[in-house]
Amino acid sequence: MPRTHLGADPGSPRLHVVPVRQKDAKEFVAAWHRHHRPPPGAVFCLGAADEEGVLRAVAMVGRPVARLFDNGQTLEVTRTATDGTGNANSLLYGAAWRAAKALGYTRLITYTQSGETGASLRGAGWRVLAQRSPRRGWNSPSRLRTSRGVDHIARTLWEAPTTP
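The sequence shown lines up with residues 1362 to 1525 when you count with my numbering.
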């Protein structure tokens, strides 16, 4: 039986976790994410669907962006996006950790930007590991890159709960 989660208010739809193809997750992120484009790839993708099967949110989980975390045992939730349905992100953060553990991974991380509360992460039992200073950007003389509008923003590093 799929795990379900009732939205915050009585009018919110009842949600359940569904598998999502990477192509479909990228399209959802492109349509609904506030400030990022879809990541280039993922190890797996999950969705939160309502009782009618309408996709309300997605999570894309991939290899960590930071090379120091890319140890073969760690994954990163690289993107979540929602259509605004209550508690969808918390449902997906919990499901992503269960799926990662089932695949043999021992750690799952993600980041939020300055100004984001992290309420969905706290609701799923995640904890803050570190505050990261704003990046100068990805551009360098040897590797010219165009800014995507998210440089110079502080971030918070989160980790999924380590207790069973």
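In this text, a Cβ means the ideal position worked out from N, Cα and C, and glycines have one as well.
- For Glu1388, the enclosing alpha helix (DSSP H) has its first and last residue at 1383-1393.
- Per DSSP, the unbroken beta strand (DSSP E) holding Trp1519 starts and ends at 1516-1520.
- Secondary structure at Leu1429: helix, using DSSP grouped into helix, strand and coil.
- When DSSP states are grouped into helix, strand and coil, Gly1455 belongs to the helix group.
- Residue environment for Ala1480: exposed (fewer than 16 other C-beta atoms within 10 angstroms of its C-beta).
- Distance from the CA atom of Phe1430 to the CA atom of Asp1444, rounded to whole angstroms, is 30 Å.
- For Ser1501, the three-state secondary structure derived from DSSP is strand.
- Within the same chain, Gly1408, Ala1410 come within 6 Å of Leu1416 by CB-CB distance, once the 5 residues on both sides are set aside.
- Measuring C-alpha to C-alpha distances from Thr1478 to each of Pro1502, Arg1496, Asn1450, Leu1505 identifies Asn1450 as the nearest.
- If you look at Gly1484, you'll find it isn't in any beta strand (DSSP E); it sits in the alpha helix (DSSP H) that goes 1480-1484.
- The beta carbon of Ser1475 sits closer than 6 Å to the beta carbons of Ile1514, Ala1515 from its chain, once the five residues preceding and following it are set aside; these are given in chain order.
- Rounded to the nearest whole angstrom, the CA to CA distance from Trp1487 to Phe1389 is 24 Å.
- Residue pairing of Pro1380 in beta bridges, as defined by DSSP: Leu1407.
- With fewer than 16 other beta carbons inside 10 angstroms of its own, Arg1428 counts as exposed.
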